Amino acid sequence: MKKLLWIVVLAAIAALIGWGIRHRNAPPAASFAQVRNETLISTLSTNGKVEPSEWQAVHAENKGVVSQLNVAEGSHVAKGAVLAVLSDPTYQAELDAAQAHVAEAEANLKSLGAGPKPAEVTEIDNSLAQANETLKQAQREQASLERLASQQAATKEDVTIQREKVDQIKVQIEGLQKRRTVLAAGPDLEAAQARVHDAQASLDLVKRRAAQNQILAPLAGSVYGLAIRAGAYLNAGDLVANIGVLDRLRVRVYIDEPELGRVAINQPVTITWQALPGKEWQGMVEKMPATIEPLGSRQVGQVICMIANPNHELVPSTNVDAQIRTAVVPNALTIPKEAMRHDTGGDYVLLLQGDTLQRRDVKTGASSVTRIQIASGLNAGDSVALPSETPLQPGERVTVTPAK
Numbered sequence: 010m011k012k013l014l015w016i017v018v019l020a021a022i023a024a025l026i027g028w029g030i031r032h033r034n035a036p037p038a039a040s041f042a043q044v045r046n047e048t049l050i051s052t053l054s055t056n057g058k059v060e061p062s063e064w065q066a067v068h069a070e071n072k073g074v075v076s077q078l079n080v081a082e083g084s085h086v087a088k089g090a091v092l093a094v095l096s097d098p099t100y101q102a103e104l105d106a107a108q109a110h111v112a113e114a115e116a117n118l119k120s121l122g123a124g125p126k127p128a129e130v131t132e133i134d135n136s137l138a139q140a141n142e143t144l145k146q147a148q149r150e151q152a153s154l155e156r157l158a159s160q161q162a163a164t165k166e167d168v169t170i171q172r173e174k175v176d177q178i179k180v181q182i183e184g185l186q187k188r189r190t191v192l193a194a195g196p197d198l199e200a201a202q203a204r205v206h207d208a209q210a211s212l213d214l215v216k217r218r219a220a221q222n223q224i225l226a227p228l229a230g231s232v233y234g235l236a237i238r239a240g241a242y243l244n245a246g247d248l249v250a251n252i253g254v255l256d257r258l259r260v261r262v263y264i265d266e267p268e269l270g271r272v273a274i275n276q277p278v279t280i281t282w283q284a285l286p287g288k289e290w291q292g293m294v295e296k297m298p299a300t301i302e303p304l305g306s307r308q309v310g311q312v313i314c315m316i317a318n319p320n321h322e323l324v325p326s327t328n329v330d331a332q333i334r335t336a337v338v339p340n341a342l343t344i345p346k347e348a349m350r351h352d353t354g355g356d357y358v359l360l361l362q363g364d365t366l367q368r369r370d371v372k373t374g375a376s377s378v379t380r381i382q383i384a385s386g387l388n389a390g391d392s393v394a395l396p397s398e399t400p401l402q403p404g405e406r407v408t409v410t411p412a413k
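Each residue of the sequence shown is one higher than the last, beginning at 10 in my numbering.
Here is the structure:
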């Protein structure tokens, strides 16, 4: 019985050794893909950045506090719409003085038309005395500001404003003096009418300057990059916001230098944004790059694409993915990209001949994300080896697994 057990064990060991020898000598297993005809859509995938097709930055022309803000981020505005209003007490004081000057000139004209009154001369003399005293005070303030400005303790603009106040008082005094002369010499209606005209012109000038405190939209579009809030203080030149046309967007698509030869004007482009998965925006290549420039470790050309954005879902400065359709090849002979092999002799595949692999040099054409066109070297129905765990060599016999 013991002898029989040993015989069984030895037989099992011999069978195991025989299986190992046969397995070691068996051809390696390999999977294959068939060469087939299909319409091949060649695409080029990369990234890009969104900007409006037309836009303009809006800056404050004067200094002041934002007393009124009429827009928010994303607001649509018409050309000339008031985006914000700046408040500056200086302009209000000038406006009040100019309006008072007009009212005075009109009153003088009306008075002359009715004839001089004795009390008017006394009133003018009192006004002249008060105006002269005001002028002295204003001139003292002007001199003080000029000294401070020379020491950089006051601004030139403050000096200019004070100088204008002095000039306005002088104009007022001159008007009073002329009015007294007219009363003494008898009415001069033409001169009075001219003074009304001059006063109104001065008022119009002040109004135009005050109107510059309204910040207007330079074009119709959407507000983005809003940089101010109500109550903020702005200096002249500060950015208020950008106004852009967002119905159509420009996308700067970054194409690596070796791939630029595949891109041409009017090729279709599809834009996607990771923040809105499943959404696509369609457009066309509009302009090729004029230069090559570094982008991180890449050398790229900026290809300009125009896309439709009817719902304004894409916003300026968004980083997006782009796919340019560079070619459509009907009835192309194709294989999976992973079946392609390369060495110093060029591109080739391992073609199945019976149960043996044969090297076949090929020429390639267009490609998609997963497949590549074979321009020459293969026929439809041929089987080419796919990558395997065991390295495959030309002339090697293989065990064929089901083709893909």
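Idealized CB from N, CA, C, for every residue including glycine.
Predicted model, so just to flag it, every value in this text is computed and none were measured.
Assigned exposure category for residue i - 16 Cβ within 10 Å defines buried
i    : result
H351 : exposed
Q402 : exposed
Y242 : exposed
Q43  : exposed
R238 : exposed
G240 : exposed
A210 : exposed
G230 : buried
Q382 : buried
Q177 : buried
L310 : For the sequence presented, residue 310 should be read as Gly rather than Leu. So G310 counts as buried.
T408 : exposed
S377 : buried
G253 : buried
T353 : exposed
R188 : buried
N46  : exposed
N318 : buried
A341 : buried
Opening and closing residue of the beta strand (DSSP E) in which residue i lies
i    : result
I224 : 223-225
G386 : Looking at the DSSP string, G386 is not in any beta strand (DSSP E), and its letter there is neither H nor E.
P303 : 302-304
N251 : 248-265
S62  : 45-68
I280 : 277-281
S84  : Premise fails: S84 is in no beta strand (DSSP E) and is neither H nor E.
K288 : Looking at the DSSP string, K288 is not in any beta strand (DSSP E), and its letter there is neither H nor E.
R307 : 307-317
N340 : 328-345
L395 : Per DSSP, L395 belongs to no beta strand (DSSP E) and is neither H nor E.
V358 : 355-362
H351 : 350-352
G374 : 372-376
S76  : 73-78
G230 : 230-233
A93  : 91-96
Whole-Å CB distance - residue i paired with residue j, under 8 Å assumed
i    : j    : result
P61  : L258 : 6 Å
V205 : E115 : 5 Å
L304 : Y263 : 6 Å
Between the CA atoms of residue j and residue i - distance to the nearest angstrom
i    : j    : result
V358 : E268 : 24 Å
V371 : N388 : 11 Å
A147 : V175 : 6 Å
V86  : H110 : 37 Å
A375 : N320 : 35 Å
R334 : T281 : 14 Å
L228 : L92  : 12 Å
D213 : L118 : 19 Å
E63  : K165 : 37 Å
Q223 : H68  : 11 Å
A35  : R369 : 24 Å
I50  : T373 : 14 Å
A201 : Q151 : 31 Å
S392 : Q367 : 11 Å
P396 : A38  : 11 Å
A208 : E295 : 56 Å
Q65  : A284 : 26 Å
D364 : V337 : 35 Å
R390 : A384 : Sequence check: residue 390 is Gly here, not Arg. Straight-line Cα distance between these residues: approximately 15 Å.
G386 : R271 : 23 Å
E132 : R149 : 26 Å
E398 : Y233 : 55 Å
R172 : R156 : 13 Å
M349 : D356 : 7 Å
Q362 : T52  : 33 Å
C-beta neighbour in chain B for residue i, strict 8 Å
i   : result
A69 : Reference to chain B is not applicable here, since this structure consists of a single protein chain.
### Message
Would you call the segment 57-71 in contact with the segment 322-332, where contact means no fewer than 3 C-beta pairs closer than 8 Å?
### Response
The answer is yes - the segment 322-332 touches the segment 57-71, with three or more Cβ pairs under 8 Å.
### Task
Report yes or no: do the segment 243-250 and the segment 62-79 share at least 3 C-beta pairs separated by less than 8 Å?
The segment 243-250 makes contact with the segment 62-79: 3 or more CB pairs, one atom from each, lie closer than 8 Å.
### Task
Evaluate the contact criterion for the segment 287-297 versus the segment 334-353: three or more CB pairs, one atom per stretch, below 8 Å.
With a cut-off of 8 Å, the segment 334-353 and the segment 287-297 do not count as touching, because too few Cβ pairs lie within range.
### Inter-stretch contact at 8 Å, needing at least 3 Cβ pairs: the segment 305-324 / the segment 274-282
Taking 8 Å as the limit for Cβ pairs, the verdict is that the segment 274-282 does touch the segment 305-324.
### Task
May I ask you to verify whether the segment 180-189 touches the segment 134-152, counting CB pairs closer than 8 Å and requiring at least 3?
Yes: the two stretches touch, three or more of their Cβ pairs being nearer than 8 Å.
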